[in-house]
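Each remark here refers to the structure printed beneath this line.
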Amino acid sequence: MHTVVVGTSGVTAEDVIAVARGNARIELSGEALDALARAREIVEALAAKPEPVYGVSTGFGALASRHISPELRAQLQRNIVRSHAAGMGPRVEREVVRALMFLRLKTVASGHTGVRPSVAQTMADVLNAGITPVVHEYGSLGCSGDLAPLSHCALALMGEGDAEGPDGTVRPAGELLAEAGIEPVELREKEGLALLNGTDGMLGMLVMALADLGKLYTSADITAALTLEALLGTEKVLAPELHAIRPHPGQGASAANMAAVLAGSGLTGHFQEESAPRVQDAYSVRCAPQVAGAGRDTMAHAALVASRELAASVDNPVVLPDGRVESNGNFPGAPVAYVLDFLAIAAADLGSIAERRTDRLLDKNRSHGLPPFLADDAGVDSGLMIAQYTQAALVSEMKRLAVPASADSIPSSAMQEDHVSMGWSAARKLRTAIDNLTRIIAIELYAATRAIELRHGLTPAPASRAAIAAARAAGVQGPGPDRFLAPDLAAADEFIRTGALLAAVEPVTGPLA
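Numbering (my numbering), first residue to last: 51 to 563.
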């Protein structure tokens, strides 16, 4: 099994994916254990002093003015976890919870939180045992960390609350820990607070969104190329010298992808052979690289933000190397929230342009000789008419999901936390947007492959033929009389979602960007 070693300097996006989705095993480096021990010594020394220190010997948030006596401090740390585990709504996906826990462990291992090495080791042990705390959809405002989600995770470390076992069954966390031979943690000064105070949930969802969107943008380049072929469009607009004079990296990459797919096509460039010759393709076809490319550049910016956050230690207060324990404002999720919202906007636009291409394929007045709705016997058959309705409904929802969550703020904690990022909400809606975008691209694939097969006597590009053959083998059926369409669309969705389209095309084109 793949092992991820967590040190003091953060983790990579690949590490997050390996733990969240690949169940990679986690080890704490010797460097991290030493840093944890040194920071803990500082916290314990401060705890022994009569002067109050926030998070060590005081209450929290609006209650920080109360000095807590030593005999109540363990209870204080337990209480913050129990009271903050106040989430509601549906369960959050297992991969999100694993990313959330792993990224909190990343900050704990930095040596800036004052948590004992044994607590960090328990966090790793729980992940390695395949125990996943039950976390709920609602409860984070994205400031002072993803408080409720992280609290549900900390509660499980204490042996309380519910968790999902490695067999997928939800049971009391204490039972699962006992079966795995893991001793529940007894929290001490600052430890409860340190387990709750981070942007880990929204960051984990950002990392996974970038991985998913990277594949989707390449898939969208392929389906755009298939549509261009099916519409007898021109590949000349993809020439690298045209994109060099507007040097956005993403635009050039998308154009190169489309050109690679279309190499050797016998369908492109038939403008002058039609009864109504064209001068240019419609924007949704001709400008596909510019729109998809802008989304790619948005992803590059989001990846930069994610890389910085992956290297960060997000907690309040923090233990500094010189022995100070200082309060700070590093916990707002604004940097992550903004790019989560930005990605949702870009994804909505990519879905919108894909839907316009699909609609063009189905309209006999704009499809340059294709049958209405790609039907076998138009009038008797409706063809893909309602598949486009489904696609349009998905696009409409994506536009609603593109409304920024980070533009909102709701004060909390008796106005102590009077501005919040809403980054968790931005991440949750982006996950829905990505699911919708996958379905939208799948419908374009379904329509474009059918349309190409209806161009009798013309030979598509080798990469297009490979895509069509793989799609048909995967249950994405071709032209013919009307049939129950939902299973076909579900097969197309799976074909995109699993990366099967990329796997079919890249052996012909070489690696695509």
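Quick reminder that beta carbons are idealized off the backbone N, C-alpha and C, glycines included. Predicted model only: the values in this text are computed from it and were never measured.
Residue burial classification, Phe534 (beta-carbon count within 10 angstroms, cutoff 16): If you number the sequence shown from 1, residue 534 lands on position 484. Exposed is the call here.
Cα-Cα separation between Lys414 and Glu405, rounded to whole angstroms: Walking along the sequence shown from the start, residue 414 turns up at place 364. Walking along the sequence shown from the start, residue 405 turns up at place 355. Across the structure, Lys414 and Glu405 are spaced so that their CA atoms are roughly 16 Å apart.
Ala497 to Ile76 span [Cα, whole Å]: In the sequence shown, counting from the first residue as 1, residue 497 sits at position 447. In the sequence shown, counting from the first residue as 1, residue 76 sits at position 26. Rounded to whole angstroms, Ala497 and Ile76 show a C-alpha spacing of 44 Å.
Strand pairing of Val76, partner residues [DSSP]: Working through the sequence shown from its first residue, we reach residue 76 at position 26. Checking the displayed sequence, the identity of residue 76 turns out to be Ile instead of Val. In the DSSP output, where bridge partners are listed per residue, Ile76 has Val54.
Simplified DSSP state of Glu239, which is helix, strand or coil: Taking the sequence shown and counting its residues from 1, the one referred to as residue 239 is at position 189. Residue state, collapsed to three classes: coil.
Where Tyr104 falls: helix, strand or coil (DSSP): In the sequence shown, residue 104 corresponds to position 54, counting from 1. For Tyr104, the secondary structure class from DSSP, reduced to helix, strand or coil, is coil.
Closest Cα partner of Arg141 within the set Ser417, Thr157, Glu214 and Gly105: The count along the sequence shown starts at 1 and reaches residue 141 at position 91. Minimum Cα distance to Arg141 is reached at Glu214.
Residues sharing a beta bridge with Met138, DSSP: By one-based count along the sequence shown, residue 138 stands at place 88. Note: Met138 sits in a beta bridge opposite Tyr188.
Spatial distance of Met173 from Val103 (CA atoms): One-based indexing of the sequence shown puts residue 173 at position 123. One-based indexing of the sequence shown puts residue 103 at position 53. Each residue's CA atom was taken as its position, placing Met173 and Val103 some 26 Å apart.
Every unbroken alpha helix (DSSP H) within the region 231–292, with a cutoff of 4 residues, ordered by chain: Counting only runs that start and end inside the region 231–292, the alpha helix (DSSP H) elements of at least 4 residues fall at 241–244 and 250–280.
Pairwise C-alpha distance: Leu260 and Asp84: By 1-based counting over the sequence shown, the position of residue 84 is 34. By 1-based counting over the sequence shown, the position of residue 260 is 210. Rounded to whole angstroms, Asp84 to Leu260 spans 33 Å at the Cα level.
Inter-residue Cα distance where the pair is Ala63 and Ala540: Indexing the sequence shown from 1 puts residue 63 at position 13. Indexing the sequence shown from 1 puts residue 540 at position 490. The C-alpha of Ala63 lies about 30 Å from the C-alpha of Ala540.
When Ala483, Leu508 and Ser463 are compared against Gln441, the one with the closest alpha-carbon: The residue you call residue 441 lines up with position 391 of the sequence shown. The closest CA to that of Gln441, considering only Ala483, Leu508 and Ser463, is found on Ala483.
Buried versus exposed, by CB contacts within 10 Å (16 or more), Leu191: What you label residue 191 is simply residue 141 of the sequence shown in a count that begins at 1. By the 10 Å Cβ count, Leu191 comes out buried.
Residues bridged to Pro183 (per DSSP): Taking the sequence shown and counting its residues from 1, one reaches residue 183 at position 133. Bridge partners of Pro183 according to DSSP: Ala213.
Contact between the region 160–180 and the region 352–365 (3+ Cβ pairs under 8 Å): Yes, since at least three Cβ pairs between the region 160–180 and the region 352–365 fall closer than 8 Å, the two stretches touch.
4-residue-minimum alpha helix (DSSP H) runs that sit fully inside the region 457–512, ordered along the chain: Listed in chain order, the alpha helix (DSSP H) elements of length 4 or more contained wholly in the region 457–512 are 473–503.
Own chain partners of Gln527 with C-beta closer than 6 Å, once the 5 adjacent residues on each side are dropped: Translated into positions along the sequence shown, residue 527 becomes position 477. Short of 6 Å from the beta carbon of Gln527, and not among the five residues preceding or following it, lie these beta carbons of its own chain, in chain order: Asp538.
Simplified DSSP state of Ala332, which is helix, strand or coil: For the purposes of this step, residue 332 is taken as the residue at position 282 of the sequence shown. Here Ala332 carries a coil assignment [DSSP, helix/strand/coil].
Given 8 Å, three or more beta-carbon pairs between the region 288–295 and the region 483–494: Too few Cβ pairs lie closer than 8 Å, so no.
Limits of the alpha helix (DSSP H) - the one that Arg547 falls within: Position 497 of the sequence shown, counted from the first residue, corresponds to residue 547. Residues Ala536 to Arg547.
Inter-residue spacing [alpha-carbon to alpha-carbon] between Gly195 and Ala74: As a working note, residue 195 is residue 145 in the sequence shown. As a working note, residue 74 is residue 24 in the sequence shown. Each residue's CA atom was taken as its position, placing Gly195 and Ala74 some 25 Å apart.
Own chain partners of Ser417 with C-beta closer than 6 Å, once the 5 adjacent residues on each side are dropped: Here residue 417 refers to the residue found at position 367 of the sequence shown. Sequence-distant partners of Ser417 (beyond 5 residues in either direction) whose C-beta falls short of 6 Å from its own C-beta, in its chain, are Leu411.
Residue span of the beta strand (DSSP E) that contains Arg221, given as start and end: Residue mapping note: residue 221 aligns to position 171 of the sequence shown, counting from 1. Val220 to Pro222 is the extent of the beta strand (DSSP E) around Arg221.
Rounded C-alpha distance that separates Ala517 from Thr509: Here residue 517 is taken as the residue at index 467 of the sequence shown, counted from 1. Here residue 509 is taken as the residue at index 459 of the sequence shown, counted from 1. Approximately 14 Å between the Cα atoms of the pair.
Spatial distance of Glu233 from Ala114 (CA atoms): Counted from its first residue, the sequence shown places residue 233 at position 183. Counted from its first residue, the sequence shown places residue 114 at position 64. Cα to Cα, Glu233 sits roughly 31 Å from Ala114.
Proximity below 8 Å, CB of Leu86 to CB of Val147: Reading the sequence shown from its first residue, position 36 is the one you call residue 86. Reading the sequence shown from its first residue, position 97 is the one you call residue 147. At a Cβ-Cβ threshold of 8 Å, Leu86 and Val147 do not count as neighbours.
Proximity of Met308 and Asp271 at Cβ, strictly below 8 Å: The sequence position of residue 308 within the sequence shown is 258, counting from 1. The sequence position of residue 271 within the sequence shown is 221, counting from 1. Going by C-beta atoms, Met308 is nearer than 8 Å to Asp271.
Leu153 and Asp250 closer than 8 Å at C-beta: For the purposes of this step, residue 153 is taken as residue 103 along the sequence shown, with counting starting at 1. For the purposes of this step, residue 250 is taken as residue 200 along the sequence shown, with counting starting at 1. Against a cut-off of 8 Å, the Cβ pair of Asp250 and Leu153 comes out as a contact.
Rounded separation between Pro631 and Asp212 - CA only: Residue coverage of the chain in this structure runs from 51 to 563, which leaves residue 631 outside it and unanswerable.
Residue closest to Gly189, alpha-carbon to alpha-carbon, out of Leu200, Gly180, Pro183 and Lys479: Counted from its first residue, the sequence shown places residue 189 at position 139. When each option's Cα is compared against that of Gly189, the closest is Leu200.
Supposed close pair Ala452, Ala394 - CB separation, criterion 8 Å: Residue 452 sits at position 402 when you count from the first residue of the sequence shown. Residue 394 sits at position 344 when you count from the first residue of the sequence shown. That pair is a contact at about 5 Å.
Any beta strand (DSSP E) of 3 or more consecutive residues that is wholly inside the region 353–425: The beta strand (DSSP E) runs lying completely inside the region 353–425 and spanning 3 residues or more number zero.
Beta-carbon proximity list for Ser79, same chain, < 7 Å, skipping 5 on both sides: Locating residue 79 in the sequence shown gives position 29, where the first residue counts as 1. The residues Val55, Val56 and Gly57, in chain order, have a CB closer than 7 Å to that of Ser79 in the same chain once the five nearest residues on each side in sequence are set aside.
Arg144 to Ala70 span [Cα, whole Å]: The sequence position of residue 144 within the sequence shown is 94, counting from 1. The sequence position of residue 70 within the sequence shown is 20, counting from 1. Each residue's alpha carbon lies about 8 Å from the other.
CB contact flag (His298, Asp372, <8 Å): Here the question's residue 298 lines up with position 248 in the sequence shown. Here the question's residue 372 lines up with position 322 in the sequence shown. The answer is no: Cβ separation not under 8 Å.
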